[in-house]
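Colleague: For the sequence shown, counting from 1, position 59 maps to 923 in this note's numbering; every step adds exactly one. Ideal placement from N, C-alpha and C gives every residue a C-beta, glycine not left out.
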Amino acid sequence: MIFVDQPDIDANDLLDRAARLRTRGAQAQSIPEYLRETVSAEYPHYSASFRPRSDQPLLSLSEAESDTMRDAYERFQRRSAHRRDRARIHETVEPTGSKCPYCGISEATQFDHFAPKKGKCPFPQFAILPTNLVYCCGHCNQLKASASHISLAHLPFLHPYFDREMMAGVELVVDLDVVSGNPTLDVQIRFGTHVPPNIAAIVESHYERLGLLLRLRRACVGELGSSVYVARASRLSIDMALDRHSSIAAAKLKTYGPWYWDACLQAALGTDESFWRQVLTG
Ligand SMILES: [Zn+2]
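1. Can you give the beta carbon distance from Arg1096 to Leu1144, rounded, assuming they're within the 8 angstroms contact cut?
2. So what's Leu1007 in DSSP terms, helix, strand or just coil?
3. Nearest-angstrom Cα distance between Leu1036 and Glu1068?
4. Please report the Cβ distance between Arg1054 and Ile1102, rounded to the nearest whole angstrom; I am assuming they are in contact, meaning their Cβ atoms lie under 8 angstroms.
5. Counting only the same chain and skipping the five closest in sequence on each side, list residues whose C-beta sits under 7 angstroms from that of Ile969.
6. Report yes or no: do three or more beta-carbon pairs, one from the region 1034-1052 and one from the region 988-1008, lie closer than 8 angstroms?
7. DSSP three-state call for Pro1047: helix, strand or coil?
8. Nearest to Gln1052 by alpha carbon, out of Gly1134, Cys1128, Leu1019, Gln974?
9. Please report how far the alpha carbon of His1058 lies from the alpha carbon of Ala1132, in whole angstroms.
10. Take Asn996 as the anchor and find which of Ile1066, Gln974, Asp1050, Pro980 has the nearest alpha-carbon.
11. Would Pro1020 and Val998 be called neighbours here (beta carbons separated by less than 8 angstroms)?
12. If you scan the region 1054-1139 from start to end, which runs of the alpha helix (DSSP H) of 4 or more residues do you find wholly inside it?
13. Confirm, please, whether the CB-CB distance from Ala1011 to Arg1073 is below 8 angstroms.
14. Is it buried or exposed for Val1094, if we count other Cβ within 10 angstroms and need 16 for buried?
15. Output the distance between the C-alpha atoms of Gly1086 and Thr1048, rounded to the nearest integer angstrom.
16. Taking just the CA atoms, how far does Pro986 sit from Glu938?
17. Straight-line CA distance for Arg934 to Phe990?
18. If you check the beta carbons only, do Ala972 and Lys963 fall under 8 angstroms apart?
19. Assuming Val1034 and Phe1139 form a contact by the criterion Cβ under 8 angstroms, report the distance between their Cβ atoms to the nearest whole angstrom.
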């Protein structure tokens, strides 16, 4: 939920806000903490109006506020220093980590406008708001750009700043097997019983539109292949392989949180003794 509380807001004001957000965001321990303690400070209505997506649309501006923001964006585009200012906006948004927060697979290299600024259903009023800019990978950015949007209330993707809590109760399940000495795997998402159907629908849509299950499976196969290669080449015992992957899993979970695929995969590898028994002895 993004509100603009000043009718005469301009691009410079947004830049200053973004700079302050970044300073505070860098000190925050987690994205939810960053949102509650920093975004709410810059957007006074934010904390009072924050609800899960099930209750109200993620991004919302009154008609007058939207007009003001569109004007600010148009003025911003006309400025001769446009390019330099745009770079400043991008620099001031706190990146969500080196991995793309949409997929958790690839390295983040570019900015996506979560609510698109152009296309069939554009939202230029959010084009230069820091909270609408997401540092992500090119693959996700491209797939997101080709998706059609009906309205802000129905944006079919998870917003990394606002929607992380939706992943509570959602698990990535990695099914490991060994066929003729070669590791195989399947990846699925599984919803806990307390996940509301409308939340599950958004999560499913996010995974489907970004082709995430297939991309995760491919990424997992690559990771799995290199892990098995190292274990075989180093002639690790089953105990050593388990220890090695348990410690890698612990480090990745700490860094990325439980829903990143590689943390999930490493955790699975680090506890699946039968898997290592088969690849190392079979
Ligand atoms: Zn991505």
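Modeller: With the given structure in hand:
1. As a position in the sequence shown, residue 1096 is number 232, starting the count at 1. As a position in the sequence shown, residue 1144 is number 280, starting the count at 1. That belief holds up - the Cβ atoms of Arg1096 and Leu1144 are roughly 7 angstroms apart, short of 8 angstroms.
2. The residue labelled residue 1007 in the question sits at position 143 within the sequence shown. Leu1007: helix per DSSP, three-state reduction.
3. Here residue 1036 refers to the residue found at position 172 of the sequence shown. Here residue 1068 refers to the residue found at position 204 of the sequence shown. The alpha-carbon atoms of Leu1036 and Glu1068 are separated by roughly 12 angstroms.
4. On the sequence shown, residue 1054 is found 190 positions in, with the first residue counted as 1. On the sequence shown, residue 1102 is found 238 positions in, with the first residue counted as 1. About 28 angstroms; that fails the 8 angstroms criterion.
5. In the sequence shown, residue 969 corresponds to position 105, counting from 1. Cβ within range, chain order: Arg1079, Leu1080, Ala1083, Trp1125.
6. no
7. In the sequence shown, residue 1047 corresponds to position 183, counting from 1. The answer is strand: DSSP assigns Pro1047 an E or B state.
8. Numbered from 1 along the sequence shown, position 188 holds the residue referred to as residue 1052. Out of Gly1134, Cys1128, Leu1019, Gln974, Cys1128 has the C-alpha closest to the C-alpha of Gln1052.
9. Counting from one through the sequence shown, the residue named residue 1058 turns up at place 194. Counting from one through the sequence shown, the residue named residue 1132 turns up at place 268. Whole-angstrom Cα-Cα distance: 24 angstroms.
10. Counting from 1 along the sequence shown, the entry for residue 996 is found at position 132. Here the closest residue by C-alpha is Pro980.
11. As a first step, residue 1020 must be located in the sequence shown, where it is residue number 156. As a first step, residue 998 must be located in the sequence shown, where it is residue number 134. Not closer than 8 angstroms, so no.
12. 1061-1073, 1076-1097, 1102-1120, 1125-1135
13. Stepping through the sequence shown from its first residue, residue 1073 is reached at position 209. Stepping through the sequence shown from its first residue, residue 1011 is reached at position 147. Their beta carbons are under 8 angstroms apart, which means Arg1073 touches Ala1011 by this criterion.
14. Residue 1094 sits at position 230 when you count from the first residue of the sequence shown. Result: exposed.
15. Residue mapping note: residue 1086 aligns to position 222 of the sequence shown, counting from 1. Residue mapping note: residue 1048 aligns to position 184 of the sequence shown, counting from 1. Using only the alpha carbons, I get a separation of about 11 angstroms.
16. What you label residue 938 is simply residue 74 of the sequence shown in a count that begins at 1. What you label residue 986 is simply residue 122 of the sequence shown in a count that begins at 1. Using only the alpha carbons, I get a separation of about 14 angstroms.
17. Against the sequence shown, residue 934 aligns to sequence position 70. Against the sequence shown, residue 990 aligns to sequence position 126. Cα to Cα, the separation comes out at about 8 angstroms.
18. Start at 1 with the first residue of the sequence shown, and residue 972 comes out as number 108. Start at 1 with the first residue of the sequence shown, and residue 963 comes out as number 99. Closer than 8 angstroms, so yes.
19. Counting from 1 along the sequence shown, the entry for residue 1034 is found at position 170. Counting from 1 along the sequence shown, the entry for residue 1139 is found at position 275. Not quite, the Cβ-Cβ distance comes to about 24 angstroms (not below 8 angstroms), so this is no contact.
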